Structures are given as structure tokens and as C-alpha cells.
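Residue numbering for the sequence shown follows this note's numbering, starting at 109 and increasing by one per position.
Every residue, glycine too, gets a C-beta built ideally from N, C-alpha and C.
Since the model is a prediction, treat every value here as computed from it, not as a measurement.
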Amino acid sequence: MTRKLYYLIPCLMMAMVTFTGCGNDDNDGPTGGDVLSAEKSKEKLSEIGQNLINLVNADDQKQLAQVGNYFSEIVGSLEIQEKANVQQMVHSLVAASQGNMAKVYAMAAVNNEMYQASDYYGVYTYNESRDEWERTNSDSELALKFGYEGQTAEIKIAATGNTTDFTYDGVTVKVPAKLTSTIKLGTTTLTSLEIATANVSSSPRKADITVNIDANGYKVSTSVSATPQVVKANYSINIKGTEAVKGEAYLNGSNMTADEGANENVGDRFKDARIEANIMGEAAVLMQCSSYKDLARELEQVDDQYDNPTGMWGESHEAAQATANVFKKYLSGSLTFGGSNEASATLTFQPYIDYSYTDSQGVKHEYWYTEPLLQFEDESLISFEDYFDAASGPFKSLADSFDALVRSFEGFIE
């Protein structure tokens, strides 16, 4: 069932690809609620993209990455049950602090391994000369201490408040009301994490989870809420006092969080979806799916029609065009500037040749897929493939955040 959620990804991912810069142009974009021409829209995208890049300094996260990497080198001698889980907790915290939204949304899932930190409580201090960890008891936290470049590094994870049993896939986990974590080097806090949970229930299956991370002035926050009728999320990335990106998304339906029934078409549970993103307070992207159920059903019909021994999927322009037609039927999107309600560009889809080759018999083979694009008022297009592959720095992370958001929805409706 849940793989069908990925039908939304081309729509959601397009929201971020629009902000991959087109260069270092110094053209001044118009301000305030205007519908921009195609040329001005592209100039404005470049300007916004460059401003976003200028906010980020890789050196700001250098020490955090180095401490995390060193812990990975020495964790092998840590004698603790499920050692790999502890290593993964630290890795996830470092990655999330660096803007990896997939890790951020994973922390907002009910199966977050960090919620089980109490299973590993104790203070572990690394003895470098003996390459071993010495343990002392603690009933309040998991603490990992080790020397790094003449200073003491310390990683702490602690759960507080009441816990709630939550059952999924036949497994019951304890979800704490609050979880905190820090990574310090000497007296400097490299990153801090706080997760708060509320309204956690297995019957009906629901939860509200909020995640806040502060890593040297890079603040990432998200909240994910799931009920049988709606799954929604909002998020923001603030870089040293500047709100770089914020947005929200939802998926409506009925009985969405229940286990899958025998012979059930789970796609019928889902209705409409919407996602909105605001970048640097200057541009907004709105994406909508009018009927998830119908989108999934018609895409499966395209699969059934073209995925056969005589017409292998990917080798058919007709299949790619049929897929594009379905996407255009149920997915819509717009790009606006300066608070305008009028779109400067809209979302569309078209088939394209992903790659081709000529076999030993001299026969040419073409592999067709469907790509999302922005279409401007002069009918010019910006291709996802052309821009996303060239993306770097925060752009790829922001684009990945939409993929991660869809995956976080999956965690609630698996």
C-alpha cells in the first residue's frame, strides 16, 4: 500500500527544485505581489537561490561533524546491548543538525529508536589507551564521554515524563512524553535536540510529535500530527535568525492509520493532499493533489497496460505520456512571488528520454520517463532533471525534505 504514496513525490519535490539557482545574476527582481514575466521569474529564482546559499557556512557545522565521525571510529569497543542502535542515534542527531530533513522527520516518527534510550542508560567513558569504555550506573540518562583534540566531548540522551505504549507491526514500543539530547565539546554545545509527544494512542492509532533542533544557530523544527482522518506536518529552517524556509502539508482521508485489511485497496482511504512552502519570505510554492485515490488507481492502470513482456516499462513513449497525463489530471501547482495570489509559473509534466543506447544488432533503445516542470507565461519550461542534478548545498537538502515528509506520513499509516 504505502509505496503508492510515492506517486506524490514528483509533485512535492518540484516545490524545491524551483529554487535551484540559475547563476550569480545581479538583476533586481520586482517586489510586492506582482505576476512576473518568465524572464523576471527566472531572475528572481536565481536571486533567491543565491541569497539562500549565502546564509550557509559549512564551517559552522565542522566541529559537530568531526566529533560525530570520531565517535563512529571508537564506538566499536562499546560494550552495550544493541550497540548499533546507539551509534545510529548519534549519527541521526548529527545528520539532522546538519539539515538532513530525512533524519529530522524520522525523529518525528513513532518508531524513533531514540525513544528507547532508557534501555541503554548509563555513563560510558572512553579510555583511549585501552580502547575500551568504562561504565557507571545512571537511571536518568545515556551519556557517552570521550576525549577529542584536548577537550572532553559528551553525548547525552534522556527521556522524561510518562511513557505511552504504541503498537505497530505487532511490536509495542514505549513513547516518552519528552526526549532531549545534546552533543558538547568542552563547554560548547554543538547541537541540542528536544522531542515532545502528545495524544499518543494505538487505538485509534494517532500521535502528535514536535521536534526542535538548534545547532550553532541553525534551527530546524517540525511537527507531525496523525489521526485516522488527517496526517499533517509543518516545518521551518531558521539560519542565524533568518527564516530560510517554512511550510506545511496535509493528507486527508478516512481510517488512514488502521492496519491494512485482507484484500483491501488501501488507496481508497486517501483523499486530497496539499503542500505549501515559503522560501526566504519572497517566493511561495503551492502543490495539490485533488484525489489521491483516483491518482493511484489510474497510475496502476497505466502500469497494467504497459508493463508486459512485449512492451517493457521504460521503453515506451506512450507509457511515459500516459503517466504524464495522469499526473496533470490530479496534480496542480503554482509559483508566486511577493505575496501575490496570481501564479508566475504552473506545474506540468512531460515524457523525456532518460537514456538510450544502440545494441550489438544496431537497434536503438530509448528509455522514457516522466518529469515535472515549471511552465512560465511564455510557455518556457524549467526541467526538474536539469536543475535538481545540478543542485548543491541547501537546495538538495530542502528538496530531500519533501521526500522525507512523504516517508514520515508512511510511518503513521504503515
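{"query": "Under 8 Å by Cβ, that's how I've got F484 and A146 pegged, so tell me the actual separation to the nearest angstrom.", "result": "3 Å"}
{"query": "Rounded to whole angstroms, what is the Cα-Cα separation between S509 and E242?", "result": "At S509 the pLDDT is 48, less than 50, meaning the model places this residue with poor confidence and gives no usable figure here."}
{"query": "When you compare only the Cα positions, how much space is there between E522 and A352?", "result": "Unreliable placement is indicated for E522, whose pLDDT of 43 sits below 50; the coordinate value is still reported in the next sentence. Distance between the alpha carbons of E522 and A352 is about 32 Å."}
{"query": "Within a Cβ cutoff of 6 Å, which residues of the same chain sit near A392, ignoring the five residues on either side of it in sequence?", "result": "N386, T444"}
{"query": "How far does the beta strand (DSSP E) with M395 in it extend, from its first residue to its last?", "result": "391 to 397"}
{"query": "Do you know how far the Cα of S329 is from the Cα of V218?", "result": "17 Å"}
{"query": "Whole angstroms is fine: what's the gap from T268's alpha carbon to S185's?", "result": "28 Å"}
{"query": "Could you give the distance in angstroms between the alpha-carbon of F496 and the alpha-carbon of Y358?", "result": "Any reading at F496 must be qualified, since the residue scores a pLDDT of 40, below 50, and its modelled position is unreliable; the value itself is stated next. Their backbone Cα atoms lie some 24 Å apart in a straight line."}
{"query": "In this structure, how does DSSP classify R238 when only helix, strand and coil are distinguished?", "result": "coil"}
{"query": "Does any C-beta atom of chain E lie closer than 8 Å to the C-beta of G258?", "result": "Absence of chain E from the displayed structure is noted, only one protein chain being present."}
{"query": "Which residue wins for smallest C-alpha separation from V308, given the options D273, P336, N342?", "result": "D273"}
{"query": "To the nearest angstrom, how far is the alpha carbon of K348 from that of V339?", "result": "30 Å"}
{"query": "Using a threshold of 8 Å, state whether the C-beta atoms of G325 and D168 are closer than that.", "result": "yes"}
{"query": "Just to confirm before moving on: does the CB-CB distance between K327 and Y343 stay below 8 Å?", "result": "no"}
{"query": "By Cβ distance, which residues of its chain are closer than 6 Å to S322, with the 5 residues on each side in sequence left out?", "result": "In the sequence on display, residue 322 carries Asp and not Ser. Only S300 meet the Cβ criterion."}
{"query": "From which residue to which residue does the alpha helix (DSSP H) around Q483 run?", "result": "Not the alpha helix (DSSP H): Q483 falls in the beta strand (DSSP E), residues 472 to 484."}
{"query": "Tell me whether G361 is buried or exposed, calling it buried when 16 or more other Cβ atoms sit within 10 Å of its Cβ.", "result": "buried"}
{"query": "What's the C-alpha gap between E423 and Y414?", "result": "9 Å"}
{"query": "Output yes or no for whether 8 Å exceeds the beta carbon distance between F378 and M395.", "result": "no"}
{"query": "Please report the distance separating the alpha-carbon of A366 from that of S333.", "result": "15 Å"}
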